[in-house]
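Worksheet: one structure, shown below.
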Amino acid sequence: MPGSTLTRIRASRTLPQIAFGDVLLAVVAYVPLLLTHRGMLGADTKAYLYLDPGRLLSKAVYLWDSSVAFGTVTHQNIGYLFPMGPYYWLMDAVGIPDWIAQRIWLGSIIFLAGLGVRYLLKTLSWDGPGVTVACFAYALSPYLLHYFYKHSVILLPFTALPWLVAFTAKSLRQPGWRYPAMFALVALAAGGINATSLFLVLFGPLLWVLHAVFVERELSIRQAIPPLLRIGVLGVATSLWWVVGLMVQGGYGIDVLKFTETYKTVSDASSSTEVSRALGYWFFYGTDSFGPWFKAADSYTQNTWVIALSYLVPLLAVASVLWTRFRYRVFFIGLAVLGLVASVGAYPLDAPSLYGRLFNSFVSSGAGLTLRSTPRAIPLLALALAVFLGAGVAALSRLRPERRLVFASVAIVLVMANLSPLFLGRMIDPYLERPNDVPRYWTEAAAHLDRGEQQTRALEIPGIDFSNYRWGSTVEPITPGLIDRDFAARELVPYGSEASANLLNAIDLPLQNRTLDPDSLAPLMRLMNVGDLVVRNDLEYERYRTPRPRVMQRWLARAVGFGRVRHFGSNAPNVAGSGSPLLDDLELSIPDDDPDPYNVDIYGVQQSIPIVHTTPTDRPQVLAGDGDGIVSAAEAGLVDPSRLLVYSGTVSGDGRLDDLAEAGAELIITDTNRKAGRRWGTTKDNDGYTELADEVPIDDPADNRLDLFGGRGTDVQTVARQVGGLRAVASGYGNPLSFTPGDRAFHAVDADPDTAWKVGAFSDVIG
């Protein structure tokens, strides 16, 4: 009885402390976010979650989406089936405003991460103020800043890590399927969209198994096998659906990873010093003429006090682990080392360690490229440092128990200050947000498109790097989230097939450069089965130097083959922002009496051709070239959309070209499908110079060429010949993002004093 009474007294004293810590964590996680930019919706993860989550979920079950990019194998789309898609669908169904639903989602990432640390440390028999400190230190890690405002779904493995380690420990200690099932459910929730992040944090549970078997000797290898098998069986059973989806995408879809950031780009910022303060992701440091890509990042790169604090917190954690002794200390030290080494990767790329050289070699391969985002291993380090800091506070509390609340409070305040953007209203970026509701004219335009010819598709112009509208940012175009009709648009990252991506780029690039013949537009639209041409005139055109709306309208007025233009919104002037006014020669050349276009204009294509149709095989057109050749042929009036059009590179070499010739084929010869580099950093200046047939391309990770004809190489390509005594070759020119034509190497020997070979833009030139 006395022992029972004592237990109840201890429980009554402990539970309020735990409850207070949890309540305080909840307040910190949710309240500042709900007070941040109220009514504004951050451009987080995927715009269609907020526009129509039900439509997104209905499409996510399919690995083929015919409504985007002329048809595409989806990329990571299946992962929205759980948990993010159902969450936003439920919040939408009960009428919660999107911006509030988003803040609750983001706050839950923080709150559940902290609760996971508490659960883990409770599993390891910790108690006292050190536990609460560790919860706050992990939940408020600056690692959140990498993805919080734009790709919060990548933070789910961060939240899951302490839960996964705890459920692994309990699975090894207790028989049965309960904790393996919990492990599998957490892994299911964390990994559906970004497998790389989940893969990297799974090294935490794996390390626990090794520690439990070989260091703590809690069980033997034989005893560890059954619980590990249970975890494996349930993990595969619950995650196989999205794993298969990724495998199908990798096997049959366009290789999206090739067209996004390279490992060189990722590794530029992943130094050990940056990783130690839970930073080091390359995008966090990005800037352009408008300022930092994430406005809160400037504090961590420019503010001396913030920088000092961001190093002080991990230094205190390291000092704590050197000073204290506690059970499982070896595990958490190993976790810290593992997280640090994995996150740093091959940095610095020009002088890597032995491990760095091996890793760089691996990540440069096709399969290894999926692991290029090494800073996503930072949660391993962040969890260890949080536990170290908690251990330090626990040790101080044992020395001076009357001041334990002071020690804990100071540590928590330091941790909170280390994530100051959360409390200063900067976690939602002002340049990556929009009002809760999209403008009415866009919903009206979408309704018009859905009432139109459903057997044709809508094409939206101009192409843009990311969708920044005058009224807000969504990162990706909103139209596919508003309509049920097939849609296509030029975006920075290609989807569909390599041939369809090539054709979209071929049409959009001369449109961007104002060199496309307007008379060729309607035939090209018919060829691509476009029934409505959507012109988005409400873009922040100055951000990515897309066509000016008034210039675009004047150009379209010259195009023939279109019916009545439908206008949506107002024709108020779309004026460039004060940060980039664009008072250049192009702007000054626009006549004052040129009217301003409406926010959205839809041009109906006359004599449009349905997506599903038959075409006679007699008198086909065979084009030697690629999408650029189709555009050139259309400008010359040679393209007949009613006739079968095939590339010679597709049918030559196996006798099919002879069959087409016998059917009366018309051969169109162009100098396109050139052997040239291709970069994807912008929507302009993508193609490099035309290379020699025997020229070996330089080692350029950003050069990722489309292969339309199955690796046939120069047999079907246009190549260059350099005649004379000089050959101009160079290891690079222009800038790392694009191939600027005026900077090419041959300008060094073209006898023109007004031209030059230039290299090293945006970086130091060494040599």
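In the numbering used here, the protein residues as written are 145 to 911.
Using N, Cα and C, we set each Cβ at its ideal position, and we do this for glycine too.
Keep in mind the model is a prediction, meaning the values are calculated, not measured.
Review point. When the distance is taken between beta carbons, is isoleucine 254 closer than 9 Å to leucine 305?
Key: It is not a contact, given that the beta carbons lie outside the stated cut-off.
Practice item. With DSSP as the reference, label valine 903 as helix, strand or coil. Key: Of the three classes helix, strand and coil, the one that applies to valine 903 here is strand, per DSSP.
Review point. Enumerated in chain order, which unbroken segments of the beta strand (DSSP E) with a length of 3 residues or greater are wholly contained in the segment 546–598?
Key: Qualifying beta strand (DSSP E) stretches, in chain order: 577–579.
Exercise for review: Just mark alanine 278 as buried or exposed, buried being the case when its beta carbon has 16 or more other beta carbons within 10 Å.
Suggested key: By the 10 Å Cβ count, alanine 278 comes out buried.
Point to revise | Inter-residue Cα distance where the pair is leucine 850 and alanine 807 | key: Looking at the two C-alpha atoms, the distance is approximately 30 Å.
Point to revise | 8 Å contact criterion, which glutamine 599 and isoleucine 755 should meet: CB distance rounded | key: So it is a contact: roughly 6 Å between Cβ atoms.
Review point. Which first and last residues belong to the beta strand (DSSP E) in which tyrosine 613 is found?
Key: Element bounds for tyrosine 613: 611–613.
Practice item. Let me know if valine 679 comes out buried or exposed under the rule of 16 or more other beta-carbons within 10 Å of its beta-carbon. Key: Result: buried.
Exercise for review: Identify every run of the beta strand (DSSP E) within the segment 705–735, keeping only runs that are complete inside it and at least 3 residues long; order them along the chain.
Suggested key: The qualifying runs are 706–712.
**Study point:** CA-to-CA distance, leucine 201 to glycine 229, given in whole angstroms
**Key:** Their backbone Cα atoms lie some 6 Å apart in a straight line.
Review point. How is glutamate 642 classed by DSSP in three states: helix, strand or coil?
Key: Correct three-state label for glutamate 642: helix.
Check your understanding: Going along the chain, which unbroken runs of the alpha helix (DSSP H) with 4 or more residues stay wholly within the segment 281–312?
Key -> Complete alpha helix (DSSP H) runs here, min 4: 288–291.
Practice item. State the Cα-Cα distance for the pair glycine 878 and asparagine 657, rounded to the nearest angstrom. Key: So the two alpha carbons sit approximately 18 Å from each other.
Review point. Does DSSP put tyrosine 791 in a helix, in a strand, or in coil?
Key: Note: tyrosine 791 maps to strand in three-state DSSP.
Check your understanding: Is there contact between the segment 488–495 and the segment 407–420, where contact requires at least three CB pairs shorter than 8 Å?
Key -> Verdict: yes, contact present.
Review point. So is leucine 308 in contact with chain B if we call contact Cβ pairs under 9 Å?
Key: In the displayed structure, chain B is absent; only one protein chain is listed.
**Study point:** As assigned by DSSP and simplified to three states, the class of leucine 677
**Key:** Here leucine 677 carries a strand assignment [DSSP, helix/strand/coil].
Point to revise | Residue burial classification, phenylalanine 883 (beta-carbon count within 10 angstroms, cutoff 16) | key: Within 10 angstroms of the beta-carbon of phenylalanine 883 lie 16 or more other beta-carbons, which makes it buried.
Review point. In chain order, what residues of the same chain lie with their CB nearer than 8 Å to the CB of leucine 563, ignoring the 5 residues before and after it?
Key: These residues qualify, in order along the chain: Leu284, Ser285, Pro286, Leu288 and Leu289.
Exercise for review: Could you check the C-alpha separation between glutamine 750 and leucine 677 for me, to the nearest Å?
Suggested key: One C-alpha to the other measures close to 11 Å.
**Study point:** Coil, strand or helix - alanine 872 by DSSP
**Key:** In this structure, alanine 872 counts as coil in the three-state DSSP scheme.
Check your understanding: What does phenylalanine 631 pair with, by DSSP beta-bridge criteria?
Key -> Per DSSP, the beta-bridge partners of phenylalanine 631 are Val212 and Ala602.
**Study point:** Option in Leu195, Ala281 and Val275 with minimal Cα separation from leucine 459
**Key:** Leucine 459 has its Cα closest to that of Ala281, out of Leu195, Ala281 and Val275.
**Study point:** Rounded C-alpha distance that separates proline 741 from arginine 687
**Key:** Rounded to the nearest whole angstrom, the CA to CA distance from proline 741 to arginine 687 is 19 Å.
Point to revise | serine 786 (DSSP reduced to helix, strand or coil) | key: In the structure shown, serine 786 sits in coil (DSSP, three-state: anything other than H, G, I, E or B).
Point to revise | Cβ contact check for the segment 203–217 and the segment 170–190: 3 or more pairs under 8 Å | key: In this structure the segment 203–217 does not touch the segment 170–190; the number of beta carbon pairs closer than 8 Å is below three.
Check your understanding: According to DSSP, which residues form a beta bridge with proline 436?
Key -> Looking at the DSSP output, proline 436 bridges to Thr431.
**Study point:** proline 654 versus glycine 721: straight-line alpha-carbon distance, rounded
**Key:** The alpha-carbon atoms of proline 654 and glycine 721 are separated by roughly 25 Å.
Exercise for review: Kindly indicate which three-state DSSP category aspartate 831 falls into: helix, strand or coil?
Suggested key: Here aspartate 831 sits in strand by DSSP.
**Study point:** Candidates Leu453, Ala452, Ser433 and Phe427: closest to alanine 441 by CA position
**Key:** Phe427 is the residue among Leu453, Ala452, Ser433 and Phe427 whose C-alpha sits nearest the C-alpha of alanine 441.
Review point. Near alanine 889, what residues of its chain come up, given a Cβ to Cβ distance below 7 Å and the 5 sequence neighbours on each side ignored?
Key: Excluding residues within five positions, the ones whose Cβ falls inside 7 Å are Ala872, Val873, Ala874, Tyr877 and Trp901.
Point to revise | Straight-line gap, serine 664 to alanine 780 (C-alpha atoms, nearest Å) | key: Rounded to whole angstroms, serine 664 to alanine 780 spans 8 Å at the Cα level.
Exercise for review: For leucine 264, collect the residues of the same chain with a Cβ closer than 6 Å to its Cβ; drop the 5 residues on either side in sequence, then sort them by chain order.
Suggested key: The residues Pro306, Val309 and Ala310, in chain order, have a CB closer than 6 Å to that of leucine 264 in the same chain once the five nearest residues on each side in sequence are set aside.
Point to revise | Cα-Cα separation between glycine 336 and tryptophan 386, rounded to whole angstroms | key: The alpha-carbon atoms of glycine 336 and tryptophan 386 are separated by roughly 6 Å.
**Study point:** Which residues DSSP lists as bridging glutamate 418, in chain order
**Key:** In the DSSP output, where bridge partners are listed per residue, glutamate 418 has none listed.
Exercise for review: Just the C-alpha distance for glutamine 697 and leucine 558, rounded to the nearest angstrom, thanks.
Suggested key: So the two alpha carbons sit approximately 55 Å from each other.
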